[in-house]
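One line per chain: the protein sequences are A and B, in this order. 1 is the number of the first residue of the first sequence in our numbering; add one for each residue after it. 332 is the number of the first residue of the second sequence in our numbering; add one for each residue after it. Notes for the one structure printed next.
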Amino acid sequence: MSNHEAILEINDLSVAYCTPKGDVLAVQDMNLRVLPNEIMGLIGESGSGKSTLAYAVMRLLKGSARVVKGSIRILGRDIYAMDKEELRQFRWTNLSMVFQSAMNALNPVLTVETQIIDTLLSHRPQLSKREAREKVYELVDLVRIDRSRITSYPHELSGGMRQRIVIAIAIALEPSLVIMDEPTTALDVVVQRSILDQIKEVQQRAQFSVLFISHDFSLVSQLASRIAIMYAGRVVEVTKARSLMDAEVAHHPYTEGLWRAIPKITGTSVALEGIAGTPPNLLHLPSGCAFHPRCRYTFEPCRTMRPHLQEVEGSGIACHRFVPEEIHHGS
Amino acid sequence: MAHEPLVEVKDLVVRFAVGSGLKRQYIVPVNHVSFTIAPGEVVALVGESGSGKTTIGRALVRILAPSGGSIHVGGVDVTKIKGKALIAYRRQIQMIFQDPYGSLNPVKTVERHMRLPIRKHKQGREGAIGEQIDESLRTVGLTPVSEMRLKFPHELSGGQRQRVAIARALAVKPRVLVADEPISMLDVSIRAEILHLLKQLQQEYSLAYLYITHDLASARYFGDRIMVMYGGQIMEAAPADELVERPRHPYTRLLLAATPGAVHTGPLPETSNRSPNLAEGRVGCPFADRCPHVMAICRTEDPPLVEQSAQHLVACHL
Chain A
1 MSNHEAILEI
11 NDLSVAYCTP
21 KGDVLAVQDM
31 NLRVLPNEIM
41 GLIGESGSGK
51 STLAYAVMRL
61 LKGSARVVKG
71 SIRILGRDIY
81 AMDKEELRQF
91 RWTNLSMVFQ
101 SAMNALNPVL
111 TVETQIIDTL
121 LSHRPQLSKR
131 EAREKVYELV
141 DLVRIDRSRI
151 TSYPHELSGG
161 MRQRIVIAIA
171 IALEPSLVIM
181 DEPTTALDVV
191 VQRSILDQIK
201 EVQQRAQFSV
211 LFISHDFSLV
221 SQLASRIAIM
231 YAGRVVEVTK
241 ARSLMDAEVA
251 HHPYTEGLWR
261 AIPKITGTSV
271 ALEGIAGTPP
281 NLLHLPSGCA
291 FHPRCRYTFE
301 PCRTMRPHLQ
311 EVEGSGIACH
321 RFVPEEIHHG
331 S
Chain B
332 MAHEPLVEVK
342 DLVVRFAVGS
352 GLKRQYIVPV
362 NHVSFTIAPG
372 EVVALVGESG
382 SGKTTIGRAL
392 VRILAPSGGS
402 IHVGGVDVTK
412 IKGKALIAYR
422 RQIQMIFQDP
432 YGSLNPVKTV
442 ERHMRLPIRK
452 HKQGREGAIG
462 EQIDESLRTV
472 GLTPVSEMRL
482 KFPHELSGGQ
492 RQRVAIARAL
502 AVKPRVLVAD
512 EPISMLDVSI
522 RAEILHLLKQ
532 LQQEYSLAYL
542 YITHDLASAR
552 YFGDRIMVMY
562 GGQIMEAAPA
572 DELVERPRHP
582 YTRLLLAATP
592 GAVHTGPLPE
602 TSNRSPNLAE
612 GRVGCPFADR
622 CPHVMAICRT
632 EDPPLVEQSA
642 QHLVACHL
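Here you go:
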């Protein structure tokens with residue numbers, strides 16, 4: 001895969017939070033590529049750095065957080081090299097984001113229609129009012145909201161409908177990349193499922209890439225084509241979603257552990273196995289592989305040497321048990 | 332059933348007032364619900380937000396007073412008890428909550444969290460309290476005990492905090508534990524461990540559970556039986572595997588299709604995504620507005636919960 005094909009290209013990225021106890025690296029030496037028209041899942045537990053990564057990609061890091069190393073390129077452009085106005089134009093036109101509590105991100109005193117039109121006009125001032133309204137209709141049709149509801153205020157809509165509106169605003173300017181950070185976590189399962197179905201449908205129709213961040217493994221494995229698994233600020237594995245269900249394909253011990261820890265709704269009920277221990281404190285990361293104190297396969301090199309992720313054909317595992325040639329890809 | 336039921340809930344109704352003055356209206360989050368829990372049995376109560384599942388849990392431990400119906404535990408009517416009788420009742424039944432960050436007091440050590448329920452329920456002499464605390468902490472796997480006793484909640488991880496909450500609930504040696512979404516705020520790798528602990532306690536102390544959750548997959552894993560709620564009523568109840576493998580109620584089928592990991596393709600089997608109407612005086616099946624199989628009778632008559640096959644109860648006109 002040549003590099004310039006990727007929509008999002010993260011190279012050797014480290015993000016640090018400055019704390020009184022010293023710098024904490026929430027994201028470390030991260031490499032990730034999202035391809036055109038791909039839904040890429042990003043899985044991790046709390047504190048794994050997945051949301052920090054999302055904010056870094058949007059260049060929205062706040063407070064003491066800053067990029068200390070590496071680069072983020074979207075459509076080949078380094079977003080940290082842009083000036084303010086360039087960035088403002090670039091965001092939303094090429095890159096947008098749906099936050100976890102996005103349904104509360106709408107302005108309560110403006111109608112939904114006004115908010116979508118505002119977004120359109122601030123980036124495309126040449127649009128006429130009529131054209132803008134046509135576009136609003138097109139967008140709400142796309143996320144399956146009745147046209148009559150666009151004159152509603154946010155409080156008049158259910159949580160699921162508000163989340164759909166936020167998704168409509170995120171794709172209003174036909175960006176190449178939409179980052180979704182736990183967009184359905186606060187919703188009921190039935191609403192969640194219908195929104196995920198819609199994301200998939202809209203994504204296929206409008207042709208954009210999604211970086212979908214979540215802690216819910218079974219959900220992401222259904223939605224995404226590829227999944228990156230994060231642990232303690234690093235990507236420990238990038239895998240094809242389909243290969244998770246395939247018992248023949250080997251995975252990182254952490255991926256394996258997470259998959260075994262979730263109760264399944266299908267098949268015979270098998271005993272769950274948790275992962276012993278607790279996620280590490282980022283201030284005192286274990287030496288070598290950060291997962292080694294919780295890993296059932298730990299052997300000598302794990303304690304001293306950090307394993308690197310080497311991607312071959314879009315998959316890879318950062319673990320001393322695997323050398324790249326041995327990784328199966330689960331066609 | 333071989334055993335006398337330990338918990339017997341009959342026709343439970345909980346009514347809340349919303350609004351005030353002339354605009355005062357009533358909603359009925361729990362509408363004529365009946366069920367039993369056998370000693371040592373895990374009954375999972377599954378439903379969306381607003382289905383009334385938490386309200387049932389709260390009514391059962393009598394944080395809430397029921398508006399109608401009755402609750403018997405161990406053969407004793409606890410529907411309207413107060414004062415000393417209520418305190419005595421809480422020795423039989425305890426509750427753990429969803430948020431292990433909110434349910435512990437940040438300025439109290441683990442030891443002080445444990446001391447209060449043991450003293451309040453006066454089980455043993457003052458001198459024996461320390462031993463009881465140690466024993467409870469060991470039971471839930473919070474070791475080394477001498478270190479854990481002196482920790483404050485902020486020094487513990489989410490999983491450890493939930494263990495403290497469980498130890499505290501178990502300190503009075505209850506027979507029933509109401510667990511309201513006990514794992515949904517924990518990290519995935521920690522959830523299985525907490526479920527294991529709950530299961531182990533069930534076997535060791537023949538503890539019965541009302542396990543409240545929105546997640547059918549964990550209900551199937553932990554529950555002996557599953558009850559599915561919608562709009563304040565039980566739609567379907569069956570042994571866990573039976574319910575997941577042979578769902579009969581259209582709402583259960585919808586819930587199953589929507590659960591992550593389910594093999595379901597195509598559109599969801601629903602006709603709208605309106606949330607249920609809980610207003611007092613509503614007639615008909617609460618799911619009628621969303622049901623793909625809705626018939627005329629569904630809008631006028633409430634379907635009763637009837638046993639369609641052994642232990643498989645369904646409330647549907649179909």
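Here a beta-carbon is modelled for each residue, glycine too, at the ideal position from N, C-alpha and C.
Asked: As assigned by DSSP and simplified to three states, the class of A/His123; Found: helix
Asked: Presumed contact (8 Å Cβ cut-off) between A/Phe291 and A/Val236, rounded CB distance; Found: 7 Å
Asked: Closer than 7 Å at the beta carbon, the chain B residues around A/Ser269; Found: Arg551, Tyr552, Asp572
Asked: Beta-carbon separation (whole angstroms), B/Pro623 vs B/Pro581, contact threshold 8 Å; Found: 6 Å
Asked: According to DSSP, residues forming a beta bridge with A/Glu237; Found: A/Ile229, A/Ile317
Asked: Per-residue contacts from B/Arg522 into chain A (C-beta, under 9 Å); Found: Ala261, Ile262, Pro263, Leu272, Gly274
Asked: The region 427 to 445 of chain B: positions lying closer than 9 Å to chain A by Cβ; Found: none
Asked: C-beta atoms of B/Ala588 and B/His643 nearer than 8 Å; Found: no
Asked: Neighbour flag for B/Pro581 against chain A, beta carbons, 8 Å; Found: no
Asked: Meets three-Cβ-pair contact criterion under 8 Å: the region 134 to 143 of chain A and the region 215 to 232 of chain A; Found: no
Asked: Closer than 9 Å at the beta carbon, the chain A residues around B/His545; Found: Asp188, Val189
Asked: Min CB distance A/Gly330 to chain B below 8 Å; Found: Below a pLDDT of 50, predicted positions are generally treated as unreliable, and A/Gly330, at 41, falls in that range; the measurement from the model is reported next regardless. It does not: the Cβ of A/Gly330 has no partner Cβ on chain B nearer than 8 Å.
Asked: Chain B contact for A/Gln222 (CB, 8 Å cutoff); Found: yes
Asked: Inter-stretch contact at 8 Å, needing at least 3 Cβ pairs: the region 516 to 523 of chain B / the region 421 to 439 of chain B; Found: yes
Asked: A/Val57 versus A/Gly257 - alpha carbon distance; Found: 28 Å
Asked: Own chain residues within Cβ distance below 7 Å of A/Asn11, not counting five before or after; Found: Asn31, Gly70, Ser71
Asked: Partner residues on chain B for A/Thr278, Cβ-Cβ distance less than 9 Å; Found: Ser488, Gly489, Gly490, Gln491, Asp518, Ser520, Ile521
Asked: Spatially closest choice to A/Ser122 from A/Ile150, A/Arg91, A/Thr111, by CA coordinates; Found: A/Arg91
Asked: Proximal residues of chain B, C-beta to C-beta of A/Glu45 below 9 Å; Found: Asp518, Val519, Ser520, Ile521
Asked: Distance, A/Ile74 Cα to A/Asp83 Cα; Found: 15 Å
Asked: Pick from A/Ser101, A/Arg149, A/Ser148, A/Arg88 that is closest to A/Thr119, judged by C-alpha positions; Found: A/Arg88
Asked: Alpha carbon of B/Arg446 to alpha carbon of B/Arg421, nearest angstrom; Found: 16 Å
Asked: Endpoints, the alpha helix (DSSP H) within which B/Ala569 is located; Found: Careful: B/Ala569 lies outside any alpha helix (DSSP H), inside the beta strand (DSSP E) at 564 to 570.
Asked: Distance, B/Ala610 Cα to B/Gly352 Cα; Found: 17 Å
Asked: Any 3 or more C-beta pairs closer than 8 Å across the region 13 to 26 of chain A and the region 282 to 296 of chain A; Found: yes
Asked: For B/Asp408, three-class secondary structure by DSSP; Found: strand
Asked: Test item: CB-CB of B/Val344 and B/Ser365 under 8 Å; Found: no
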